[in-house]
Amino acid sequence: MAFEKIGRFFGLAEDDDFENDGYQAEGAMQNASLNQSNKVVSINGKYSQPQKINLFEPRIYSDVKDIATHLLQNQAIVVNFQKMDEVQSKRIVDFLSGTVFAINGTIQRIGDNIFLCTPNSFTVEGNMADNIFEKFE
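Residue numbering for the sequence shown follows the working numbering, beginning at 1203 and increasing consecutively.
Spelled out as structure tokens, the structure:
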């Protein structure tokens, strides 16, 4: 028994576990390559198609349903209320505010009677509201 240990130490005796060691190393390499391939991230991200920004100029309150549908499809919208009366415009803004809240998006006033509504997949930088109020002072 002592001679077998000395023989294994110097590489003279055959080791039955040697064949299993090679198999385990190969399996370990396969697992390592699987772990490496799982770390690949697509550059395009979640959306493979270009993002859309839709422009709307509603004339009646029922147009809000079509506008909200685009928001629910992760599309940004710009709404121009210049051809609507103030009461109807406020109702639509209230409806769109609820829709934007439901999808965790944002609504911003970007001009005189013009609003930008975006889902959470869009980022809007800058602030135009300050410039709007300066015009009326």
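Every residue, glycine too, gets a C-beta built ideally from N, C-alpha and C. As the structure is a prediction and not an experimental result, all values here were calculated from the model.
For A1278, which three-state DSSP category applies?
-> If you number the sequence shown from 1, residue 1278 lands on position 76. Of the three classes helix, strand and coil, the one that applies to A1278 here is strand, per DSSP.
Closer than 6 Å by C-beta to V1302: which residues in its own chain qualify, once you throw out the five before and the five after it? Chain order, please.
-> In the sequence shown, the residue the question calls residue 1302 occupies position 100. Contacts found: I1309 and C1319.
In angstroms, rounded to a whole number, what distance separates the CA positions of V1289 and G1313?
-> Start at 1 with the first residue of the sequence shown, and residue 1289 comes out as number 87. Start at 1 with the first residue of the sequence shown, and residue 1313 comes out as number 111. Distance between the alpha carbons of V1289 and G1313 is about 18 Å.
Can you name, in chain order, every residue of its own chain whose Cβ lies under 6 Å from the Cβ of Q1284, other than the five neighbours on each side?
-> Working through the sequence shown from its first residue, we reach residue 1284 at position 82. So the list reads N1315, once near-sequence residues are dropped.
Give the C-beta separation of I1279 and F1258 to the nearest angstrom, bearing in mind that I take them to be a contact with Cβ-Cβ under 8 Å.
-> Here the question's residue 1279 lines up with position 77 in the sequence shown. Here the question's residue 1258 lines up with position 56 in the sequence shown. Sure, about 6 Å apart at Cβ, within 8 Å.
Give me the Cβ distance between N1256 and Q1277, rounded to the nearest whole Å; I'm assuming they're in contact under 8 Å.
-> Reading the sequence shown from its first residue, position 54 is the one you call residue 1256. Reading the sequence shown from its first residue, position 75 is the one you call residue 1277. So it is a contact: roughly 6 Å between Cβ atoms.
CB contact flag (P1252, I1294, <9 Å) | Taking the first residue of the sequence shown as 1, we reach residue 1252 at position 50. Taking the first residue of the sequence shown as 1, we reach residue 1294 at position 92. No, the pair does not count as a contact, with Cβ atoms beyond the cut-off.
Does the Cβ of A1304 have 16 or more other Cβ atoms within 10 Å, making it buried, or fewer, making it exposed?
-> Your numbering for residue 1304 matches position 102 in the sequence shown. Exposed.
In angstroms with no decimal places, state the Cα-to-Cα distance between F1317 and R1311.
-> By one-based count along the sequence shown, residue 1317 stands at place 115. By one-based count along the sequence shown, residue 1311 stands at place 109. Those two C-alpha atoms are separated by around 4 Å.
With V1281 and I1262 assumed to form a contact (beta carbons below 8 Å), what rounded beta-carbon distance in angstroms separates them?
-> Your numbering for residue 1281 matches position 79 in the sequence shown. Your numbering for residue 1262 matches position 60 in the sequence shown. With 8 Å as the limit, V1281 and I1262 do not qualify as a contact, their Cβ atoms being about 13 Å apart.
With respect to the alpha helix (DSSP H) encompassing I1294, which residues constitute its N-terminal and C-terminal limits?
-> Reading the sequence shown from its first residue, position 92 is the one you call residue 1294. I1294 -> alpha helix (DSSP H) spans E1288 to A1304.
Hey, quick one: how far does the beta strand (DSSP E) through R1261 stretch, first residue to last?
-> Locating residue 1261 in the sequence shown gives position 59, where the first residue counts as 1. Taken as a continuous stretch (DSSP letters only), R1261 belongs to no beta strand (DSSP E), as it is neither H nor E.
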